[in-house]
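Engineer: Chain order of the listed sequences is D and B. Mapping of the first sequence onto the UniProt record's numbering: position 82 corresponds to residue 82, and the numbering continues sequentially without gaps. Mapping of the second sequence onto the UniProt record's numbering: position 292 corresponds to residue 292, and the numbering continues sequentially without gaps. Before I ask anything, here is the structure I am working with.
Number of protein chains: 2
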Amino acid sequence: MSSQKIAVEIINIGDELLYGSIANTNAQWMSEYLSEAGFRVLRHMVIADEQEAIVQALQEAMQRAQVVLLTGGLGPTKDDVTKLALCRLFGTELRLYPEALAHLKEMFMLRGRSLSALNEQQAALPAGAIYLQNEKGTAPGIWMNDSAGRVVVAMPGVPHEMQHLMQEQVVPRLLKTFAVEPLLHFHVKTVGIGESQLAEQIATWEEALPAHIKLAYLPSFGQVKLRLTATGKDRTLLQEDIKEQLRRLLPLIDKYVFGFEQETLEEVVAALLRKSGKTIAVAESCTGGYLAHSFTKIPGSSAYFQGGVVTYSNRAKIDILGVLPSTLEKEGAVSEATVLQMATAVRARFRADIGLATSGIAGPGGGTTTKPVGTIWVAYADAEAAKAALYRLGNDRLFNIKVTTALLLDWLRKKLGGRAHEFEDFFV
Amino acid sequence: MSSQKIAVEIINIGDELLYGSIANTNAQWMSEYLSEAGFRVLRHMVIADEQEAIVQALQEAMQRAQVVLLTGGLGPTKDDVTKLALCRLFGTELRLYPEALAHLKEMFMLRGRSLSALNEQQAALPAGAIYLQNEKGTAPGIWMNDSAGRVVVAMPGVPHEMQHLMQEQVVPRLLKTFAVEPLLHFHVKTVGIGESQLAEQIATWEEALPAHIKLAYLPSFGQVKLRLTATGKDRTLLQEDIKEQLRRLLPLIDKYVFGFEQETLEEVVAALLRKSGKTIAVAESCTGGYLAHSFTKIPGSSAYFQGGVVTYSNRAKIDILGVLPSTLEKEGAVSEATVLQMATAVRARFRADIGLATSGIAGPGGGTTTKPVGTIWVAYADAEAAKAALYRLGNDRLFNIKVTTALLLDWLRKKLGGRAHEFEDFFV
Numbered sequence: 001m002s003s004q005k006i007a008v009e010i011i012n013i014g015d016e017l018l019y020g021s022i023a024n025t026n027a028q029w030m031s032e033y034l035s036e037a038g039f040r041v042l043r044h045m046v047i048a049d050e051q052e053a054i055v056q057a058l059q060e061a062m063q064r065a066q067v068v069l070l071t072g073g074l075g076p077t078k079d080d081v082t083k084l085a086l087c088r089l090f091g092t093e094l095r096l097y098p099e100a101l102a103h104l105k106e107m108f109m110l111r112g113r114s115l116s117a118l119n120e121q122q123a124a125l126p127a128g129a130i131y132l133q134n135e136k137g138t139a140p141g142i143w144m145n146d147s148a149g150r151v152v153v154a155m156p157g158v159p160h161e162m163q164h165l166m167q168e169q170v171v172p173r174l175l176k177t178f179a180v181e182p183l184l185h186f187h188v189k190t191v192g193i194g195e196s197q198l199a200e201q202i203a204t205w206e207e208a209l210p211a212h213i214k215l216a217y218l219p220s221f222g223q224v225k226l227r228l229t230a231t232g233k234d235r236t237l238l239q240e241d242i243k244e245q246l247r248r249l250l251p252l253i254d255k256y257v258f259g260f261e262q263e264t265l266e267e268v269v270a271a272l273l274r275k276s277g278k279t280i281a282v283a284e285s286c287t288g289g290y291l292a293h294s295f296t297k298i299p300g301s302s303a304y305f306q307g308g309v310v311t312y313s314n315r316a317k318i319d320i321l322g323v324l325p326s327t328l329e330k331e332g333a334v335s336e337a338t339v340l341q342m343a344t345a346v347r348a349r350f351r352a353d354i355g356l357a358t359s360g361i362a363g364p365g366g367g368t369t370t371k372p373v374g375t376i377w378v379a380y381a382d383a384e385a386a387k388a389a390l391y392r393l394g395n396d397r398l399f400n401i402k403v404t405t406a407l408l409l410d411w412l413r414k415k416l417g418g419r420a421h422e423f424e425d426f427f428v
Numbered sequence: 001m002s003s004q005k006i007a008v009e010i011i012n013i014g015d016e017l018l019y020g021s022i023a024n025t026n027a028q029w030m031s032e033y034l035s036e037a038g039f040r041v042l043r044h045m046v047i048a049d050e051q052e053a054i055v056q057a058l059q060e061a062m063q064r065a066q067v068v069l070l071t072g073g074l075g076p077t078k079d080d081v082t083k084l085a086l087c088r089l090f091g092t093e094l095r096l097y098p099e100a101l102a103h104l105k106e107m108f109m110l111r112g113r114s115l116s117a118l119n120e121q122q123a124a125l126p127a128g129a130i131y132l133q134n135e136k137g138t139a140p141g142i143w144m145n146d147s148a149g150r151v152v153v154a155m156p157g158v159p160h161e162m163q164h165l166m167q168e169q170v171v172p173r174l175l176k177t178f179a180v181e182p183l184l185h186f187h188v189k190t191v192g193i194g195e196s197q198l199a200e201q202i203a204t205w206e207e208a209l210p211a212h213i214k215l216a217y218l219p220s221f222g223q224v225k226l227r228l229t230a231t232g233k234d235r236t237l238l239q240e241d242i243k244e245q246l247r248r249l250l251p252l253i254d255k256y257v258f259g260f261e262q263e264t265l266e267e268v269v270a271a272l273l274r275k276s277g278k279t280i281a282v283a284e285s286c287t288g289g290y291l292a293h294s295f296t297k298i299p300g301s302s303a304y305f306q307g308g309v310v311t312y313s314n315r316a317k318i319d320i321l322g323v324l325p326s327t328l329e330k331e332g333a334v335s336e337a338t339v340l341q342m343a344t345a346v347r348a349r350f351r352a353d354i355g356l357a358t359s360g361i362a363g364p365g366g367g368t369t370t371k372p373v374g375t376i377w378v379a380y381a382d383a384e385a386a387k388a389a390l391y392r393l394g395n396d397r398l399f400n401i402k403v404t405t406a407l408l409l410d411w412l413r414k415k416l417g418g419r420a421h422e423f424e425d426f427f428v
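What follows is the structure, given as structure tokens:
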């Protein structure tokens, strides 16, 4: 195969998309993932859960693209007709795949449930298909080839199952099947600076970028991801070009960069904590458990995360953490004095090396003239001292919870000595 | 025209959609708005900003649908080729529309800017088109009819401009052009039962559904949403038909139904807590803060949520909650005895009416032969008693955290007396 860009079309099956009940986030995720892998997404189609519509859309897509990826319509219930449409298109019939059945039985056993006849149907695939094992659910991925070398893959529509199959099975197999033109992405992940402020800070550098390197800003909850994309024929040269640009870029935004590529802020902080040998505990008011969750969602966090308290009421702040009633009365729950006491106390109560605390007005209600919604105090305490900081955020409750968590994790990251890795480690 | 369902296709033009930089929220909004107005959305297509692709997609769509709505590609910059594609398709040419030019001049004057030659091009539309005035921006809507009575409408891709045109111009004009049949959706939300088990439980009912009512299963993290869709001539009759089906369906799955339509499990539980006047506190191990977050993300939760502890280590379970060291030694942290003590203790510590607790092996590591990953104990304690339950879930950490939270919230819901609303309340 030539090294031209391979064309992919995406077909998402689901009446709920056509009714507008949900947005098509699967198409977005797949497009981004495929673009980054060097494929060209030609078209998205959303169609109904109907055999005729699926067959028609597949036929059209296969006239334009070498690869067609479908999601949806693979569950055990009656409204799932994707497999029958594949059989019609490829002139084949459903056949029981023993490895699919074995996996299905294992998954049901793990959950302590028995397999019904309806469930067993999930192990029947169009004869000739390659079975792609789904470790996150019961509907498998189905890979089919036609005589012209085109590929059709059907996946379940549940986002985390589709993503797992794309990452572990579909895209690796596509990269083996087709020669994809080198395209190199590199992600620089920042926190604590807004998109437009960041753009101003790196404007001169951005204007001087060579034509074959493009830059994109991808913002979310207190973070901005910068994506550098280089295109060309020689992968090694592209790597050198990207490294050269990173050497110029990073000094300009050093204090906002927490990681690279797929690293998350939670993972970077987890790695730093593990390396430091220090333990941590958190006292939350406005973040309400989300800060603790951002530690405990990382596998193995029990090695350093001692625990936390969510002291939502004043009484709990007094009873559980020993915050002084006089402080709450004079300064209020959302105050520097209160978060400092919370961080110090939770550190002591959990016998941890580090204590973190949050107290603020997450909204949408509860604001006052002096303390409007979005007024949030946070604190960090260790054996040496306790310090507090004030954030002024927005009106959206979930936004405030998530941004506060990100900014406080970033403070912890800096206290633990900054980045875990150098960018060169990502080029190997 | 007959009162059959009018088929609509939506074409969204934009490279940023194909790169996955943004989700296609325009298609979602348009689909929901059109469905509620009684149209049937047949397909979404997302295509590139290229004349050839636009012409091809329009031709395909017009073979299937009576109405084709396009967004994007109408700005003054050079990548906007929608109008040229329309000219090609309808065999016509661009012509200056005086009323479009007058509106453009007025908009520029209001903004204190003068009109450039590039801007003036926005007043040129395909000859024969009906000009739809856009009060929110400079790109107009363009309405075209073909000889077979089919309608093509092009709109700008900026969401609030498109929405304004849809509401004020496009849909009112469509309703005048076509006789539209009513369509009614109703959502039943369940928790604690899998998709296939649910399907078996209601199989007889589902098979007896009349032809004009359809059913879909929409699963996510321990929950399954059932969507009933009725089509017919008379809106009032359709409401009665849906109610009749609900009266038959609900007794079959009564204990799994937590709400209707847009209600979330968290909101239903919040409303029940508020109504009960009871307060609550949570002690978490494996859910690590996520259970607390599921309460505190609801605005106003401080009225009943006293707080929680995340006792991740054994030491924290002993120090903070007073779990007996002998229990942890003999039974382990993941045991009935431990969660019972946790739930009872957190209730007392926070002086709450109800205490909840979780302790399990979220994974992916930490499993043993007798307690594999996914083994999760939960407990509920109130003034009368404390009770525990065992869940056997999967291997995925985040899945286990979210499903445990959903199942425990559902237990609380039942303890608080079940549903907040009757389904009849949703038909007004």
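From the three backbone atoms N, C-alpha and C, an ideal C-beta is built for every residue, glycine too.
1. Return yes when the Cβ of residue 91 of chain D is within less than 8 Å of the Cβ of residue 80 of chain D, no when it is not.
2. With C-beta atoms as the reference, is residue 405 of chain B less than 8 Å away from residue 291 of chain B?
3. Does the distance from the CB of residue 125 of chain B to the CB of residue 169 of chain B come in under 8 Å?
4. My output table needs one value for residue 1 of chain D: the three-state DSSP class, helix, strand or coil.
5. Please report the straight-line C-alpha distance between residue 373 of chain D and residue 328 of chain D, rounded to a whole angstrom.
6. Please classify residue 419 of chain D: does DSSP put it in a helix, a strand, or coil?
7. Could you tell me which uninterrupted alpha helix (DSSP H) segments, each at least 4 residues in length, are contained entirely in the region 270 to 331 of chain B, listed from first to last along the chain?
8. Is there at least one Cβ from chain D nearer than 8 Å to residue 45 of chain B's Cβ?
9. In the DSSP assignment, the alpha helix (DSSP H) including residue 204 of chain B goes from what residue to what residue?
10. Starting from the C-beta of residue 284 of chain D, find all residues in its chain whose C-beta is less than 6 Å away, skip the five residues before and the five after it, and write them out in chain order.
11. Using a Cβ-Cβ cutoff of less than 7 Å, which residues in the same chain neighbour residue 301 of chain B once the five nearest sequence positions on both sides are dropped?
12. What residue ranges within the region 108 to 186 of chain D form continuous alpha helix (DSSP H) runs of no fewer than 4 residues, ordered along the chain?
13. Which residues of chain B have a Cβ atom closer than 7 Å to the Cβ of residue 112 of chain D, listed in chain order?
14. By alpha-carbon positions, which one of D:45, D:17, D:112 ends up nearest to residue 394 of chain B?
15. Would you kindly work out how many angstroms separate the C-alpha atoms of residue 200 of chain B and residue 222 of chain B, rounded to a whole number?
16. Going by DSSP, name the residue or residues bridged to residue 377 of chain D.
17. Go ahead and label residue 211 of chain B buried or exposed: buried means 16 or more other beta carbons lie within 10 angstroms of its beta carbon, across all protein chains shown.
18. Please determine if the region 259 to 267 of chain D and the region 173 to 192 of chain D are in contact, where contact requires at least 3 C-beta pairs separated by less than 8 Å.
19. Could you confirm whether any beta carbon from chain D is found closer than 8 Å to the beta carbon of residue 430 of chain B?
20. Return yes when the Cβ of residue 153 of chain D is within less than 8 Å of the Cβ of residue 142 of chain D, no when it is not.
21. Using a Cβ-Cβ cut-off of 8 Å, state whether residue 309 of chain D counts as contacting chain B.
22. Return the chain-ordered ranges of every beta strand (DSSP E) run that is complete within the region 23 to 108 of chain B and spans a minimum of 3 residues.
23. Give me the Cα-Cα distance between residue 240 of chain B and residue 232 of chain B, rounded to the nearest whole angstrom.
24. With burial defined as no fewer than 16 other Cβ atoms inside 10 Å of the residue's Cβ, what is the status of residue 247 of chain D: buried or exposed?
25. Closer than 8 Å between beta carbons: that is the criterion. Which residues of the region 295 to 329 of chain D meet it against chain B?
26. Applying a beta-carbon distance threshold of less than 8 Å, which residues of chain D neighbour residue 216 of chain B?
27. List, in chain order, every chain D residue whose beta-carbon is nearer than 8 Å to that of residue 25 of chain B.
28. In whole angstroms, give me the CA-to-CA distance for residue 19 of chain B and residue 410 of chain B.
29. Strictly under 8 Å for the Cβ-Cβ distance: is residue 119 of chain D near chain B by that measure?
30. Does DSSP put residue 385 of chain B in a helix, in a strand, or in coil?
31. To be precise: take each residue of the region 180 to 202 of chain D, compare its Cβ to all Cβ atoms of chain B, and keep it if any distance is under 8 Å. Which residues remain?
32. So, for residue 115 of chain D: in the same chain, excluding its five sequence neighbours on each side, which residues have a beta-carbon less than 8 Å away from its beta-carbon?
33. What residue range is occupied by the uninterrupted alpha helix (DSSP H) comprising residue 339 of chain D?
34. In the DSSP assignment, find the beta strand (DSSP E) that holds residue 11 of chain B and state where it starts and stops.
35. Is residue 247 of chain B close to chain D? Criterion is C-beta to C-beta, closer than 8 Å.
36. In the DSSP assignment, the beta strand (DSSP E) including residue 214 of chain D goes from what residue to what residue?
Structural biologist: According to the structure shown:
1. Taking 8 Å as the cut-off, the beta carbon of residue 80 of chain D is found no closer than this to the beta carbon of residue 91 of chain D.
2. In contact: residue 405 of chain B and residue 291 of chain B (Cβ atoms closer than 8 Å).
3. Contact annotation: residue 125 of chain B and residue 169 of chain B have beta-carbon atoms that are not nearer than 8 Å.
4. Its pLDDT being 35, under 50, residue 1 of chain D is placed unreliably by the model, and the measurement read from it follows with that caveat. Three-state DSSP puts residue 1 of chain D in coil, outside helix and strand.
5. Residue 373 of chain D and residue 328 of chain D: Cα-Cα distance of roughly 18 Å.
6. Taken through DSSP and simplified to helix, strand or coil, residue 419 of chain D comes out as coil.
7. Runs found: 290 to 296, 314 to 321, 325 to 330.
8. Interface residue, yes.
9. Taken as a continuous stretch (DSSP letters only), the alpha helix (DSSP H) holding residue 204 of chain B covers 203 to 207.
10. Within the same chain, residue 284 of chain D has close Cβ partners 291, 310, 358.
11. Excluding sequence neighbours, residue 301 of chain B sits near 270, 295.
12. Correct list: 117 to 120, 159 to 165, 171 to 177.
13. Annotation: Cβ neighbours of residue 112 of chain D in chain B (cutoff 7 Å, chain order): 392.
14. Nearest option by C-alpha distance: D:112.
15. A straight-line Cα-Cα distance of about 17 Å links residue 200 of chain B and residue 222 of chain B.
16. Residue 377 of chain D pairs with D:359, D:390.
17. Residue 211 of chain B should be labelled exposed.
18. Counting Cβ pairs under 8 Å, three or more are found: they touch.
19. Look at the range of chain B in this structure, 1 to 428, and you will see that residue 430 of chain B is not part of it.
20. Yes, they are a contact pair.
21. Closer than 8 Å: yes.
22. Within the region 23 to 108 of chain B, the complete beta strand (DSSP E) runs of at least 3 residues fall at 40 to 47, 67 to 71, 94 to 96.
23. Per the coordinates, the alpha-carbon of residue 240 of chain B lies some 12 Å from the alpha-carbon of residue 232 of chain B.
24. Of the residues assessed, residue 247 of chain D falls on the exposed side of the cut-off, its CB having fewer than 16 other CB atoms within 10 angstroms.
25. Residues passing the 8 Å Cβ filter: 295, 296, 297, 299, 300, 301, 302, 305, 306, 307, 308, 309, 310, 311, 312, 313, 315, 316, 319, 320.
26. Residues of chain D passing the Cβ test: 15, 16, 49, 79.
27. Within chain D, 23 have C-beta atoms less than 8 Å from the C-beta of residue 25 of chain B, given in sequence order.
28. Answer to the nearest angstrom: the Cα atoms are 40 Å apart.
29. Yes, contact with chain B.
30. DSSP places residue 385 of chain B outside both helix and strand once states are collapsed to three, so it counts as coil.
31. The region 180 to 202 of chain D vs chain B, Cβ under 8 Å: nothing.
32. Once the five neighbours on either side are set aside, the close Cβ partners of residue 115 of chain D are 104, 105, 108.
33. Segment 336 to 349, the alpha helix (DSSP H) holding residue 339 of chain D.
34. Residues 7 to 13.
35. It does not: the Cβ of residue 247 of chain B has no partner Cβ on chain D nearer than 8 Å.
36. Residues 213 to 220.
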